Every structure is written in structure tokens, then in C-alpha cells.
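Going down the list, the protein sequences come from chains E and R. When we follow the numbering used here, the leftmost residue of the first sequence carries the number 585, and every step to the right adds one. When we follow the numbering used here, the leftmost residue of the second sequence carries the number 106, and every step to the right adds one. Every residue gets a Cβ at the ideal spot worked out from N, C-alpha and C, and that includes glycine. Computed from a predicted model, the values in this text were never measured in an experiment. Here's the structure we're looking at; comments come further down.
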Amino acid sequence: MFIRTDDKITATQTAIFLNNTLLGAGVLTLPRSVSKSVGTPDGWISTLLGGAIVMLVVLLMVKISQQFPGKTVFQYSRLLTGRFIGGILSMLLILYFITIAGFEIRTLAEVTLFFLLEGTPIWAVILPFLWLSTYLVYGGINSIARVYTIVFPISIMILLISFVLSLRMFDIDNLRPVLGKGWSPVFAGLKSTVLVFTGCEVTMTLVAFMDDPKKAVKAMLGGLAILMSIYFLTIIIVIGGISIDSAITSTWPTIDLLRSFEVPGFFFERLEFPFMVIWLMQMFCNFSSFFFQSTLGLSQIFKLKVHPIIYALVPLLFISAMLPKSLGDLFALGDTIGKMGLVLFLLVPVLLSVVWLIRVKGLKQHV
Amino acid sequence: MITLFGMILSYIPGWAIFAQAGVAMLVPLLLAYLYKSLYKLVGSGRGQIGYGARTVPAQGPPPLAPEESSARFTGDLQADLQAVKSGIGNNSDVHFRAFTNAKTGAQGVVIHVDGMQSDRLLSMEVMQYLMHEMPPGPQSSVEMAGHRLPFSELREEEHIRDFNKSVLFGHAALLIDGLRCGLLIEMPGAPSRQADEPVSEALLRGPRLGFTEVLSENTSILRRQGLSDQLEMVSFRAGTAIEREIVVAYMKDIVNPDLLEEIKNRICKIDMDFLAESGYIEQLIEDNYLSPFQQLQNTERPDRVISALLEGRVAILLDGTPFVLIAPVTFSMLLQSPEDYYERWLPGTLLRLMRFGASFFALMAPALYISFISFHPGLIPTELAITIIKTRQGVPFPSLIEVLILEVAIEILREAGIRLPKPIGPAMGIVGGLIIGDAAVQAGIVSPFLVITVAVTAISSFSIPMYSAGITLRMLRFAGMLFASVLGMYGTILFFLLICCHLTKLKSFGVPYLTPLSPFRLSDWKDLFLRAPMALMKRRPKMMKTKQSKRRS
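Next up, the structure:
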């Protein structure tokens, strides 16, 4: 066939999709949150550990999704647990996605208002962003994945350049001592490092869209590995650059690091500008992912067409973005999202897997 | 419980937020409605979703004609002649020349149009043959006439109306008493210009040959590119008032049959009284007419067409225009020049990279200027910012107006430069560009730095090898300026993302517009930003899904 009509994405696209869904706000705030909860410079170990844990979680999600080829979690949860419980689980998941989307867009607006557009009303920042994302989501998963494929290499390139140039601020002493207070701070840090991976639930719908679901494990873990190494590098560079004390006190430590030095002979001198550019694009990807996931979920639960739901979700997302009253509220919301993620993890993939095991292995009934 | 309830209540936003949320929903709904209704409005005339097949394959059965036009030749010379004369006899340039064969005494009439045939040839050769040398025999039999008349171009026409059309198109025609058809004996030799170097796509290195306005010459130019038995050309006729010939050319063993079928399908649905230029076809068969980006490439260069055919694309030639369409097209093709392949690979790659950079500037430079100057002077190096702001001190306008003044001026200059005769053009460029630019700075209307920005933008847009792609970027540049003037850098980024979103949705005959960038096809990257050495160009582009992928045996 010359003209493709199926709405499927390749393994590479899936990996990039997952990566772009999760890589966002964390790059700016992770060094602060992790330093706060760890208290020692061992945040990077927590990141690696957190990444490993999330990988296991995602592995479970992929495995359960692979049992139902072509079906998303919104569809197979009803098959497994019945119409009612499945519906409730799916609705929880959708609520979660909408909350994350609102959180993302609000974070974006706050950062933009703080660094780029002081004095602009917040709706003027959020609305165009929302509309643009609507346009993208309207095109379905294929257009979304394609836009991500364009944004991804640009982001990675600029991130790496920023990090390499930040090495001049790097002082290995800021990262010492390693495990100075033993392992307990590292485990304490897990709660903030696992948080930056929130949203990895999209895995359970993504597998359904892959043209070759057998490659799902590879693709998802690959996407997560890229993500994890980026966060790992961020922690190392930022903590090594501005030390743990200033990381704790600063709101957006990564930008502070990039602002703290000048590159002579370079057009921009400070890297904060190109970094902001890719960060904005990355947030756009983040937001569009969750937007898409929620529309997909709603349309599959209620068996409605996707396009009216997209329009209906726009004001909802806007309101959910406007709910936090202050920056403090916003960060508190971020923590809550992390907890929600944990609960949902227990509820959705674990519960579904258990039910699946019981139904298939235990009772030998047909599902 | 009450405190919890109170807390939740305190988080319910005010009416302003809800009003904004309503606006948030209304705008995309409105835009979508506008888009859909626009699409419906124009949709029926477009080839893709049009109804009925008005264009017919030239070899196929003739279209069903109304009663009177289906009149056939009877075989009675006087009656036939009368019928022809009543159809086209009023034209002063149509000549009827009756003759009687010296040997057989058979009666006949030669009909021709002034200027379409070489008069000398006609009178000397044709008439001499007809009057003296034509052998005796049963001329009434159509087959015999066909066999015995020694003309290489000989076609029979049974319908009087089609016969008349062909005569007026320039065929010399022959009516012989007793024949139940009209004979068309010479091809039209209408005046045409010499094949010349294409003006719109000049190259330093490469063939100096461009297409002309005559279809048969164009197809022959394509054939003369080299020996092959796989280059196939299928012809169609389109136009309800004035018919014109369309030729679809492709490599039989390379092109994807589904693609070919799709293109033929769309051409068959063209419904138009007259196709003045291949731009008509382009607009009638493209995928999305609301997109600012072109979905078919037009070119005057045969070498470009042939290499596109070898990549598995399809060329569409129209009689009467030197511009040939190539479909499907991808974004990267618009920034490639045939010269990239004629020069060695390193310069080719460098030039191509430069063109990508230039197109980025042509699109974004004024938007970046506005966002840096008006919104974020802090993001550029301090000294530079101070210099720019110093030079802008006397300028009374906000940066958007300032940029608009100069950009619009330069667009007008460029438009004027195209219309002016060749000797005056450069003079006007100097007057317009240099003097007005300098005077505007002196007068304090614009800042010198802006003049640099606009000049760089203009020059960058000249470096884009496809004129029509250049127009697209020029147009979008203004949209970018508006975004930047409202939201600064943030707006510029949104604008960039908007273009990305649009381009990823756009398709040209089913091929995603940004392939191989996205969807990602690594093997096609050899010919994207880089132009890989010839030795590496082993395979045809994957995105075209060609029948054979290897370029070499």
C-alpha cells in the first residue's frame, strides 16, 4: 500500500513518544526537589535507582498490555474487571492525565511569565499554547509522534551542548562525599526521583498503537533509558555546578546554573535562552501527550467520537491549569500527582495483572 | 469536613476564569468550523473529491457527445463539405482548396489553416501528390485510402465536429469523394520558441536546456535524456471549452503502481473549461488547498524531471507551458538544486546546509528581531543590545511597525523588479534597496540594524532554489512577525511549533511532507541535509516505495 491508513507508530517513534511525554518540568526542578529530600549530594544515585524502579514498573505495564494486542488500558481494563470497575479505573487514569496536563501547562506558564514575559496575563500565555496543542492532537497519534520526532533531536542536541558548556562550573567536590551518610538519604530521595517519571502510565495505551507490539519492551525501556540518562546528567551537572545548598534554595536550579556563566564569543553568551526554547517545546510535547491520552480514554470509555471530546476538554484543561493559586500550590500539586501516580500504579497495572493471572492461570476461564 | 469543603470551595476559580475557559473552547471550534466550511465551499471543484470524470485518456473512447455533434461523414463530398463549412467556414483563416486527380478524376478538398502549415510544403508536395501521382483504385474504401496515401501522419476522423476541432488546431485535412471519413494528414506546425535555458532555475553547471511551450517537444526532450524502454508517457485530455493535452510520465519499472493510479485518478477528475498553465492542474489535484505549502513541485528543467522519475516520482506535463509538475513532493526537495549532484559532494553538502540555514533565516529573522528587541533585550549579549538600542533611539515606532515598513517596502520592490524590463530592473534595485534603505535610516524611521536584518532575510529568501517555495516562506514570515509581536520569544516558538504541526499533518499524494525527517527514515538521510557521495547513493528513496530499490545493477 502506498498510502497508509492505519494509525500506527513504529518502535522508534514509540520510544521518542515516551521520552517526550516524560521529559519536561523535571529538568528544571529535579535538582532542587531531590536535593531537598536527600540532603546529601547523592541525588544522582537516587535518580538511577528511581529510574530502575520505574523501568520495572513499565515492564509490568508493557507485559500486561501485550496480552491484549491493539487494545488500550481503557479497553482491556473493562474486559478484565468488568464494565463498572474497569470504567472507574479508566476514569481515575483520565483524571490523573488531566491533572498532569494542567500541572504541566501551569508550570510552563509560570516559567514563561517569570523568565520571558513579565507582566503578561497568564491566560494570554496558556490559551495560544492550548489551541496549538488542540491542533496537534486533532491530527491523531501519528502527527503527534512525528512532531516529537522533530523536537526530540533538537532538544537532545541543545541539552547536551548546554551541559558540556556548563562543565566550566563543574566542581567534583560538590558531589562529594558519595554515600557520606549511608544509604538512607538515597532511599529518602526516591520519592522525588520517581515523581519525575510520573506519566509513564501512557505506556499502557502506547503499546496498542505500535505496529509491532513485540518490540514494545525494547522501545519503552529504550525511551526510559534516554530519559534516565538525561535526568542523571542534569543532577550531576547542576549539583556539581552550583552545589547542593544553592540547589535547594533556588526555584529553578537548572536555569540558575545556565545563567551563572557566560560563554564568550558565542552569540547568546548565556545558554539560558536556547535552553528555554527547547524546554518550551518539550513542555508542548508533554502537554500534548496527556491531552491526547485523556481524549483517547474518554472516547474509548464512552464510545464517542474523538474530535468533539477534544474540543470539550480544552476548557477543562484550562480550568485545571488555573486551579493552583500560587507557585507553592503548584509544587504541592506536583507532589500530590506523584502520590496519585503511586496509588494508580497499585490500582491499575498491579491489580489488572493480578486479575489477569487469576483469570488465565488460576481459573483457566476464557477472558 | 467543613474545613475541607471550604478549602475546596476556595479553589473554585472566579467567573473570569470560566469566561476564559469558554473562550478557550470557542476559538478552536470556530476555527475548525471555518476550516471545514472553506473546504466544503471549494471542495467540489477539486480533482481529489470531485464527482464525474471529465478528463479522458486520449486513446480511450471519445466522450459521449450531444446529438448534433455526433454527425458523421456521409461519403458524399458536397454534403460533407457543406457540413464542415457550416461548422468552421466563417473563419477567415481557414482555406478550402478543391482539386481533381489527373488520373482518376476523383474529387477532393484540402482544408488547412493559415500559418499552421508550411505553405510551400503543402502546395508543392501534398498537392502535387494528390493531383498527379495518386494511383487509381477504389478510393472509396477507407482502408485502401489509408494504405495508399503516403503520409506518415494520417488519422481518420469520423465525426465532423472532432474533424473541425483538429482542423482548427492546425492539422491539414483532406476530404475525398466517396470516403466516409475525413483524413488528417499533417501535424500542426504552430510557431514556437527555441528551447532555451530556463530563466527561473538558472544553474552554473548543468544542461542549459529547458522545456518549451510545445508538449511534443517537451516529451521529446524527456525522451532524448537517454535510451530507455521503461519511460512511459500516457496522455489525457482535459478542458470542457478548450481541450488540452496532459501527459503523465513515469518509469514503468520503478514507480509505485498505487501512486500512479492515484495521480491518474485525480487527473481524470479535473473539471475545468480551460487549463491555462500547469498551475491549474497543481491546484486542482493537490491534497490540501488551504495549506501555504505547495504539494507539487514545478520545474522547467528536464534533468530535474528525469532524476525525479528515477526516484519513483511522477511527472505531469501540460501542453502550452514549460512548467512540468512533479508529484509527490517533500519539503526537502524544495531546498535542493540539481547542482548539488553535479558538483562534488562536499561543496554540494555545504551549499545545501547553507540553503537550510537561509530558509530558516528567511522565515524567522524578522520574528527573532522583534522578539529580541521588544521583549527580551536581556537575552542577547549586553554590548550588542546596547548598540542596537542606541541606534534605535530616534525611531518613533514599535519594532513591529518598524519591521513591517521595511519588509513591505522590500516586497513591493521585489514585485516591481519582476515586472520591469531587464535593463531597468537592477537600476531600480539600487534605487530601492540602497537609497531608500539609507534614507530611511537617515530619516530615523528605521534602525540600521533592522536594515541589516531585512536585507539578510531578503537575500536568504533569494537563495531558495524554488521560486514558489520562496513565496511560501515570505508569506509565513509575516505570520511569524505577528506571533512575535504579541508574545515575543514565546510566540516565536509557538509559531515554529505550529509550522511543525502543520507540516507533519500535510501529505503530498500520501507521502508525509517532512519525510525522511519525520517519519524518520535514516536511509533517506543520505540525501537530506547531506548529499552523500555518489558511491553511497545505492538505493532509491524508501519513502517512495518504489518497485525496485537498487539504483545499480
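- Within chain R, the C-beta atoms nearer than 8 Å to that of Gly723(E) come from Cys606, Thr609 and Lys610, in chain order.
- For Arg730(E), the residues of chain R that pass the 8 Å Cβ criterion are Thr609, Pro617, Leu619, Ser623 and Pro624, in the order they occur in the chain.
- Note that the C-beta distance between Thr605(E) and Ser883(E) is not below 7 Å.
- By the neighbour-count criterion, in which 16 or more other beta carbons inside 10 Å mark a residue as buried, Glu382(R) falls on the exposed side.
- Proximity to Met438(R) across Leu139(R), Gly575(R) and Ile604(R) peaks at Gly575(R), based on C-alpha coordinates.
- Think of a sphere of 7 Å around the beta carbon of Gly593(R): the chain E residues whose beta carbon falls inside it are Leu700 and Leu701, in chain order.
- The C-beta of Thr733(E) comes closer than 7 Å to at least one C-beta of chain R.
- Of Leu805(E), Leu612(E) and Gln866(E), the smallest CA-CA separation from Ser717(E) is found for Gln866(E).
- Taking C-beta atoms as the reference points, Leu332(R) and Glu387(R) fail to come closer than 7 Å.
- Distance check between Thr597(R) and each of Gly766(E), Leu811(E), Phe713(E) and Ser937(E) places Phe713(E) closest, using alpha-carbon atoms only.
- The beta carbons of Gly824(E) and Ser630(E) sit about 15 Å from each other, so the pair does not count as a contact at 8 Å.
- The beta carbon of Gln125(R) falls within 7 Å of a beta carbon belonging to chain E, placing the residue at that interface.
- Annotation for Ala176(R): no alpha helix (DSSP H) segment contains it, and DSSP assigns it neither H nor E.
- Between the region 356–372 of chain R and the region 436–454 of chain R there are fewer than three inter-stretch CB-CB distances shorter than 8 Å, so the stretches are not counted as touching.
- DSSP places Gln400(R) in the coil class of the three-state scheme, outside both helix and strand.
- In terms of Cβ geometry, Met906(E) and Ile113(R) do not form a close pair [threshold 7 Å].
- Taken residue by residue, none of the region 928–947 of chain E has a beta-carbon sitting less than 7 Å from a beta-carbon on chain R.
- Here Pro899(E) is buried: its Cβ has 16 or more other Cβ atoms, across all protein chains shown, within 10 Å.
- Chain-ordered, the chain E residues with CB closer than 7 Å to the CB of Leu602(R) read Leu716, Met865 and Phe868.
- Here the alpha carbon of Val559(R) sits roughly 7 Å from the alpha carbon of Glu512(R).
- For the region 394–422 of chain R, the set of residues with a beta-carbon nearer than 8 Å to any beta-carbon of chain E is empty.
- Within a 10 Å sphere around the beta-carbon of Tyr722(E) sit 16 or more other beta-carbons, which makes this residue buried.
- A Cβ-Cβ separation of about 12 Å leaves Val231(R) out of contact with Val214(R) under the 8 Å criterion.
- Between the region 489–499 of chain R and the region 610–622 of chain R there are fewer than three inter-stretch CB-CB distances shorter than 8 Å, so the stretches are not counted as touching.
- Between the region 419–428 of chain R and the region 320–337 of chain R, the count of Cβ pairs shorter than 8 Å is three or higher; the stretches touch.
- Tyr895, Val898, Pro899, Phe902, Ile903, Met906 and Leu907: these are the residues of the region 885–907 of chain E whose beta carbon lies less than 7 Å from some beta carbon of chain R, given in chain order.
- Interface annotation, Leu484(R): in contact with chain E, CB-CB separation under 7 Å.
- In this structure, Phe428(R) is the residue among Glu261(R), Phe428(R), Met639(R) and Asp334(R) with its C-alpha nearest to the C-alpha of Ser573(R).
- Sequence-distant partners of Lys650(R) (beyond 5 residues in either direction) whose C-beta falls short of 7 Å from its own C-beta, in its chain, are Asn361.
- Closer than 7 Å to the CB of Met130(R) there is at least one CB belonging to chain E.
- For Val551(R), the closest alpha carbon among the candidates Val339(R), Ile510(R), Arg657(R) and Arg202(R) is that of Ile510(R).
- Take Leu273(R), set aside five residues on each side of it, and the residues of its chain with a beta-carbon closer than 8 Å to its own are Ile193, Asn196, Val199 and Val218, in chain order.
- Residues of chain R whose Cβ lies closer than 8 Å to the Cβ of Phe857(E) are, in chain order, His481, Leu484 and Met594.
- For Ile359(R) against Leu415(R), the beta-carbon gap comes to about 7 Å, under 8 Å, which counts as contact.
- For Pro858(E), same chain residues with a beta-carbon under 6 Å away, outside a window of 5 residues either side, are Ile742 in chain order.
- With respect to Tyr595(R), Leu935(E) sits apart: the two C-beta atoms are not nearer than 7 Å.
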